[in-house]
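Just so you know, the sequences run in chain order A and B.
For the record, in the first sequence the residue sitting at position 151 is 151 according to our numbering, with numbers rising by one throughout.
Every number in our numbering is 1000 more than the matching position in the second sequence, counting from 1.
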Amino acid sequence: MKSPTKKDNINSKLAIPLIVALLFPLISSNPYYLNMIIMGEVYAVLTMGWVLILRMGEFSLGQMGFFAIGAYSSALLVKEASFSFWIAMPVAGLITAIFAFLIGSVTLKIKGLYFAIITFALGEIIRLIITSWPGLLGGFNGITGIPKPDSIALPFLGKIDFYTSRIPFYYLILLIIAITSIVLWRLDNSKFGRIFRCIAMSDILAESVGIDLKRYKVMAFVIACFFAGIAGSFYAHYNCLLHPDYFTAWQSILIQIEATVGGTASMVFGPIAGAMALTIIGEFLRSAKNMEPILYGGAVILIMFFLPGGIVDLIPRLRLVIKSLKG
Amino acid sequence: MTILHIIGLSKNFGGLTALKELDLEIGSGEIVGIIGPNGAGKTTLLNIISGILRPSRGKILFKNERIDGLPSHQIAKRGIGRTFQHSVLFHGATTLWNVEAGFHIQRKVGFCATLLRSEDCKREEERIRTSAEEIMNFMGLKADKDMLAHNLPFGQQRILGLCLALATKPELLLLDEPAAGLNSEETIKIMSKIRAIRDQRITVILVEHDMKVVMGLCDRIFVLNYGERLAEGTPKEIQANEAVIQAYLGRAEAS
């Protein structure tokens, strides 16, 4: 494992992807590609949260459930309680975090496979609650006509209108991903990252040096679910339509596949790379939808055999190859 | 001065009595050995003191405060450190990282200050690194500070376990078979380390099978048999005790 205290020069590494990301809408304003990238980034937020839970040693197979809680609470807040989207989004994140706290306080007493099974069931329970509550949550009809974010006036940029184009959404999710990345990166490289790793490596030893297992496990879980809720809120108002069929266990498993393919050693780059890669590949596989799980399964096996560090491991490996060619 | 006082301690696992009405008193600054045949309840006793198991009955007083039934992270905070029978370490991380992890209780900077990377937070990390290196120096592990814990030789892993426990700044240290699986050279080394720890005014309780270690190190020895106290005394007294010899070797008539 890479020592988390090692200082990475994150700023210089970030510059190129950041410039590309900022300028992307100028390169291509094709709504089809924009949609693909935006959905990739929504998944990247979910995947980063999933890796945070993995840091403290647990597998969550229910992240889509928390994504749904964020999405539905945000949609209801705006549609039924006429909140502004800009307030509803953080509130939806907090509501998701409260759910995560209540659920985590009980379920994180168990660990390993049992926790994974519980979260799997949890995701399904949340989906079933949605389908069986047509009055409030729309049931199988879903919730339609969710308003897009209200236009917002920003200094220097003027009024930004979300109804005419997808580009503002692109920059909004970019902002969300930037905030998520900074918070999770700093968390991972602080004493909290160390605590999570301690718990993952040996919970009994962690406790013997004074680490309150439950407190920190719940903490990681709540933070991860908060960001899942934020991503859900974004999705609700981007898509304008919520349907329980979107929040299936397969989607939760997909998050795990994305993390594995991208690489779980890094908190930020791996999840983003994995989520983008699989979303783009998934888009090209549209015509062969039934083949998707098989191909993803194959991809995971290949990655685990030949590139156990995930896609992000390609860069240091290529650098080594270049070095050996030069020398 | 008594640092640890155990009164009427019992532990049942279902129908099995692991400890029965045990009374122990441990003075500050002693090295106390706990010995006994397999299944005598030695590790159970350590696990109860360190909070991994809850006692069925009885009281444990640490510096005149009750600690029985507290979760183990709180017991660690009150000043009881421990090591484990097998090399339980943060195996995937470096030696230095392991020792720094032991300083958890000393990290006081809050959540927000940590995320904002405040000056306090940086100073704290620097201070902990210095203290961790001091401990590793003291225990003779400094040369291996960048090695991964699972690549260390077995003897060094044991010493790393001691370093981790020392990093919690304990007043009482519980050692579960510190010399198990070590060769004679490594055993001598770890014995001198344990003495050095005692000289830092840390009380040591150790469970051990290797009689050379127990007799060579301990000021006082408790002998457990079937969860009950069989004998108590200095190493010399224990070696001459009839009941102890019988428990270990069996009765002369029976053989």
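Note that the Cβ used here is the ideal one computed from N, Cα and C, for glycine as well.
None of the values given here were measured: they were computed from a predicted structure.
{"Query": "Opening and closing residue of the alpha helix (DSSP H) in which K326/A lies", "Result": "L314 to K326"}
{"Query": "Short-range partners of chain A found in the region 1033 to 1047 of chain B, where Cβ spacing is below 9 angstroms", "Result": "none"}
{"Query": "Boundaries (first-last residue) of the alpha helix (DSSP H) holding A265/A", "Result": "Neither: A265/A is in no alpha helix (DSSP H) and is coded neither H nor E."}
{"Query": "Burial state of E80/A, where buried means 16 or more other Cβ atoms lie within 10 Å", "Result": "exposed"}
{"Query": "G1008/B, DSSP secondary structure in three states", "Result": "strand"}
{"Query": "Beta carbon of T1234/B nearer than 8 angstroms to that of I1026/B", "Result": "no"}
{"Query": "Within-8 angstroms CB hit, F269/A to chain B", "Result": "no"}
{"Query": "Length-filtered (3 minimum) beta strand (DSSP E) runs lying within the region 1170 to 1244 of chain B", "Result": "1172 to 1176, 1203 to 1207, 1220 to 1225 and 1228 to 1233"}
{"Query": "Proximal residues to V91/A (C-beta, below 8 angstroms), its chain only, five neighbours per side dropped", "Result": "S73, S74, L77 and F83"}
{"Query": "8 angstroms Cβ cutoff met for A1101/B and F1084/B", "Result": "no"}
{"Query": "Any non-hydrogen atom of the ligand GTP closer than 7 angstroms to F1222/B Cβ", "Result": "For the ligand GTP, the structure offers nothing, since it holds no ligand at all."}
{"Query": "Min CB distance D161/A to chain B below 8 angstroms", "Result": "no"}
{"Query": "Cβ pair count under 8 angstroms reaching 3, the region 187 to 196 of chain A against the region 165 to 179 of chain A", "Result": "no"}
{"Query": "Proximity below 8 angstroms, CB of E1185/B to CB of I1035/B", "Result": "no"}
{"Query": "Proximity test, Cβ basis, 8 angstroms: H1073/B and chain A", "Result": "yes"}
{"Query": "Nearest-angstrom beta carbon gap, V209/A and A1076/B [assumed within contact, 8 angstroms]", "Result": "6 angstroms"}
{"Query": "Alpha helix (DSSP H) runs wholly inside the region 120 to 167 of chain A, at least 4 long, in chain order", "Result": "134 to 137"}
{"Query": "Cα-Cα separation between G1140/B and H1150/B, rounded to whole angstroms", "Result": "18 angstroms"}
{"Query": "Contact the region 1152 to 1160 of chain B vs the region 1111 to 1122 of chain B: 3+ CB pairs below 8 angstroms", "Result": "no"}
{"Query": "Unbroken stretches of the alpha helix (DSSP H), 4 residues or longer, contained in the region 208 to 279 of chain A", "Result": "213 to 239 and 249 to 262"}
{"Query": "Range covered by the beta strand (DSSP E) that runs through R1117/B", "Result": "From DSSP, R1117/B is part of no beta strand (DSSP E); its letter is neither H nor E."}
{"Query": "Chain B contacts from the region 179 to 200 of chain A (Cβ-Cβ distance under 8 angstroms)", "Result": "V183, R186, L187, S190, K191, F192, R194, I195, R197 and C198"}
{"Query": "Pair within 8 angstroms by beta-carbon distance, A224/A and G123/A", "Result": "no"}
{"Query": "DSSP-derived helix/strand/coil call for G297/A", "Result": "helix"}
{"Query": "Rounded C-alpha distance that separates T5/A from I1128/B", "Result": "Confidence in T5/A is poor, its pLDDT being 41 and thus under 50, which makes the residue's placement too unreliable to answer from."}
{"Query": "Extent of the continuous alpha helix (DSSP H) run through K191/A", "Result": "K191 to M201"}
{"Query": "Closer than 7 angstroms at the beta carbon, the chain B residues around E207/A", "Result": "S1072 and H1073"}
{"Query": "Element boundaries [alpha helix (DSSP H), containing L1162/B]", "Result": "F1154 to A1167"}
{"Query": "Contacts that R1158/B makes with chain A (C-beta to C-beta distance below 9 angstroms)", "Result": "Result: empty, since nearest Cβ-Cβ is about 14 angstroms, beyond 9 angstroms."}
{"Query": "Closer than 9 angstroms at the beta carbon, the chain B residues around I204/A", "Result": "I1052, S1072, F1084 and V1088"}
{"Query": "Three or more C-beta pairs below 8 angstroms linking the region 237 to 253 of chain A and the region 138 to 146 of chain A", "Result": "yes"}
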